[in-house]
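Chains as they are written, first to last, in my numbering: chain A, 2 to 441; chain B, 2 to 441.
Right, here's the structure in full:
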């Protein structure tokens, strides 16, 4: 009975599935902290652009194309008139002038979208509308303005070169031509082009689905009455949801989660099914109630670190659940959360969406007054950048440095980037800034 | 029977309602054409911003506020800790140093969102989390880093000024303060601010509802097979719908309307109910099939004119239906339609949405090569603006001037504005450009 003689499965050494690990994080810098650039590059190295998705062209505005688009037709598809007027043979009107008009019999009419009734015989004219197909035999269109608009016969007062006011087949696009390429971001003009060559669906990177979660027993939903002196309104999840939405994401904001490990685990597990990226704020510092830091390692591979930046020092990242869904865990102070969004989340969203440049393009502005900075950290100061009298950009601070100042944040239109080596920017010195443009 | 003796109503002079008229249009310029600026100003003078609308804050991102927002609370609401650490009285640790730490008994703990168990007695410390309310009697927070993190007693190695690491009530926002003003555009940071002061709904200008209609017997929907040699795909309604969407509008694209006056009237009448603005392309020129121009005057007050621009010369505008809904009727060539959108529709959309600046901000670039222009018309050339070696902007033409060239339009990233007085821009000369940014 060889069946029973076989070695039983449970006697075999059971191979434990290797737990999923994050790639080796970058080594910390001199101060024991990771640099902003290292941390961002690390996050970007851990994620891939979302898989291509077929989308109706009107829903693809602003998305990134994942295929080269080849035109199956030429544009124009046929020789056609660029004016309302009369189709003729140029040689039949080569003597026409205001002093001595040429008169031709009008033998028919070609509206746009309909065929010419017949080909054009020499010495005749055919009325033709803009966009209408040039009748066979004609090579030129005389616009109304150069005629008497005659119905039976037309008097033409201008000689024209052959081909005048005619759009040639393929003049814009040739059949078989690549008109858009994988990686192109679809502006409205590209949508017009796609429609013009008859394409109604394209493969694009979808909008990233972002789930935003706030944690904290102290938080209350806006619109409700604060129950108790210690409660505050939740601003982070609204601000981050709004920022992600303005950056092109599809956003799901999840109501407040109390500082309860089991509840937090359950909420995150429930949300994984619809998330390409999860954002949390709060609970990543050294406090005893920092449950995000405490719970997340149970859900997947995580990396909690300190980044050499101000604000936004404590940062968490993970790839969690069965699909290794990325999660970015930011500090809970509103300004820290906003700066973390700009420094890390926006680039990650851009990579997910297949956008080529992950970073905002910095501008160089002149400091309106001295700005002190913290050495060994990249400082993100809330700034106001305005145009000076000569068109140059002038940067000033929007408010103090406190990481809880929502008012100052709302009043800023830029983040000023003061590098690790900078202790002081004097008035008149140049300073790098990110203009917060996409965002209103 | 005085009842019968009364003068019958029909004998009274019936007052015909005065037909609605457009304001007097501006006088044409020297060439018999209206200037671009005059036409735009005329359109803007005929419309008003949309009425305010209550919106949930997350749906208000990017919209314009219609009310001043006053904070009903202070932020912070109470003195609270900006660090995880220990609440103390500064005077109790004024001699603390690394060489000679001060030891204090830990008499309790304040998590965020909960009240302190009791007030702080002199000579004691209370553990406190970031954001937690400072217990009565305390004036300073010693961060973990300046302690041994003791549980029974804590050794403190640094003297601190009173108020250190404490966020004072109202430091960010005072109760009764105006935090945002009517006319402000709501960025994500403003959404965070609104949430932070407990506001969940605001009055904003809604997204304009734009109905886009294409007319023309020759048009076919993308995705379908062209039936007949003379048919072409409809690109305009897709391009304009995409452009309006990218500009923040809520867009309804209406399938192709054939060149049938009754059908067109019916479609437009049916759409009025959901339109803040109607856009059509085609049928505004001098052709015999220009049904838009033929039909629209029956639906309301209209103004068909020629504008001193290239492309985009024939332009129509109207206020139609019972509500005097604005309609902008553009020429049917794709590039003409796109330029008309930028020159007229975008400013109108911005005014409807309550945005302050109606125009794109032009940039000044250096022409990479000579560009000839048509005198007496404002020419909008499709351009490519790129940054040169020294950060200066360099402008080149994207393609030829043909108004049907979709390929060239999709390849452009700017419109170069060559004024009425310009016949030629030499290489190295400065040229004004609109960067087509919002649009991908």
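Positions of the beta carbon are idealized from the N, C-alpha and C atoms, including for glycine. Remember, predicted model here, so these are calculated numbers, not experimental data.
Within the model, the alpha-carbon separation for residue 330 of chain A versus residue 281 of chain A is close to 5 Å. Residue 239 of chain A: member of the alpha helix (DSSP H) spanning 237-247, first to last residue. Residue 246 of chain A reaches chain B at 62, counting residues in chain order whose Cβ is nearer than 7 Å. Proximity of chain B to residue 335 of chain A at the Cβ level (cut-off 8 Å) is accounted for by 193, 197, in chain order. Within chain A, the residues whose beta carbon sits less than 8 Å from that of residue 218 of chain B are 112, 113, 114, 115, listed in sequence order. Between residue 212 of chain A and residue 30 of chain B, the alpha-carbon positions lie close to 56 Å from each other. Under DSSP, residue 379 of chain B shares a beta bridge with B:310. Residue burial annotation: residue 21 of chain A is exposed, with fewer than 16 other C-beta atoms found within 10 angstroms of its C-beta. In the three-state reduction of the DSSP assignment, residue 427 of chain B falls in the coil class, being assigned neither a helical nor a strand state.
One alpha carbon belongs to residue 291 of chain B, the other to residue 302 of chain B, and they sit about 18 Å apart. Taking 8 Å as the Cβ-Cβ cut-off, the region 206-233 of chain B approaches chain A at 217, 218, 219, 220, 221, 222, 223, 224, 225, 227, 229, 230, 231, 232, 233, given in chain order. Taking 9 Å as the upper bound on Cβ-Cβ separation, chain B lies near residues 168, 172, 173, 174, 178, 180, 181 of the region 157-183 of chain A. Of all residues in the region 122-134 of chain B, the ones placed with a Cβ closer than 7 Å to any Cβ belonging to chain A are 130, 131, 132, 134, in chain order. When Cβ-Cβ separations below 7 Å define contact, residue 201 of chain A makes contact with chain B. At a beta-carbon threshold of 8 Å, the residues of chain A lying near residue 286 of chain B are 85, 131, ordered along the chain. Taking a beta-carbon distance threshold of 7 Å, residue 407 of chain A counts as an interface residue toward chain B.
Looking at the DSSP output, residue 329 of chain B shares a beta bridge with B:280, B:318. Scanning chain B for C-beta atoms nearer than 7 Å to the C-beta of residue 242 of chain A yields 59, reported in chain order. Residue range 394-398 is occupied by the beta strand (DSSP E) that includes residue 397 of chain A.
Of the residues A:242, A:274, A:432, the one whose Cα lies closest to the Cα of residue 373 of chain A is A:432.
Per DSSP, the unbroken beta strand (DSSP E) holding residue 215 of chain A starts and ends at 210-216. In terms of Cβ geometry, residue 197 of chain B and residue 234 of chain A form a close pair [threshold 7 Å]. In the DSSP secondary-structure assignment, residue 87 of chain B is bridged to B:128, B:143.
Secondary structure of residue 388 of chain A (DSSP, three-state): strand.
Residues of chain B with a Cβ closer than 9 Å to the Cβ of residue 235 of chain A are, in chain order, 196, 197. At least 7 Å separates the CB of residue 359 of chain A from every CB of chain B. For the region 171-214 of chain B, the continuous alpha helix (DSSP H) assignments of 4+ residues that do not extend past its boundaries occur at 189-197, in sequence order. Interface criterion met: the Cβ of residue 239 of chain A is under 7 Å from a Cβ in chain B. Closer than 8 Å at the C-beta level to chain B, one finds these residues of the region 66-100 of chain A: 74, 76, 77, 78, 79, 83, 85.
Here residue 359 of chain A carries a coil assignment [DSSP, helix/strand/coil]. Note that the C-beta distance between residue 155 of chain B and residue 136 of chain B is not below 7 Å. In this model, residue 34 of chain B and residue 391 of chain B are separated by some 41 Å (Cα to Cα). Here residue 208 of chain B is actually not in contact with residue 80 of chain B; their C-beta atoms are around 42 Å apart, not less than 8 Å. When 9 Å is used as the limit between beta carbons, residue 387 of chain B is near no residue of chain A, the shortest such separation being about 13 Å.
Contact residues of the region 334-355 of chain B toward chain A are 335, 339 (C-beta to C-beta distance below 7 Å). Of all C-beta pairs linking the region 62-79 of chain B to the region 171-182 of chain B, three or more are shorter than 8 Å, placing the two stretches in contact.
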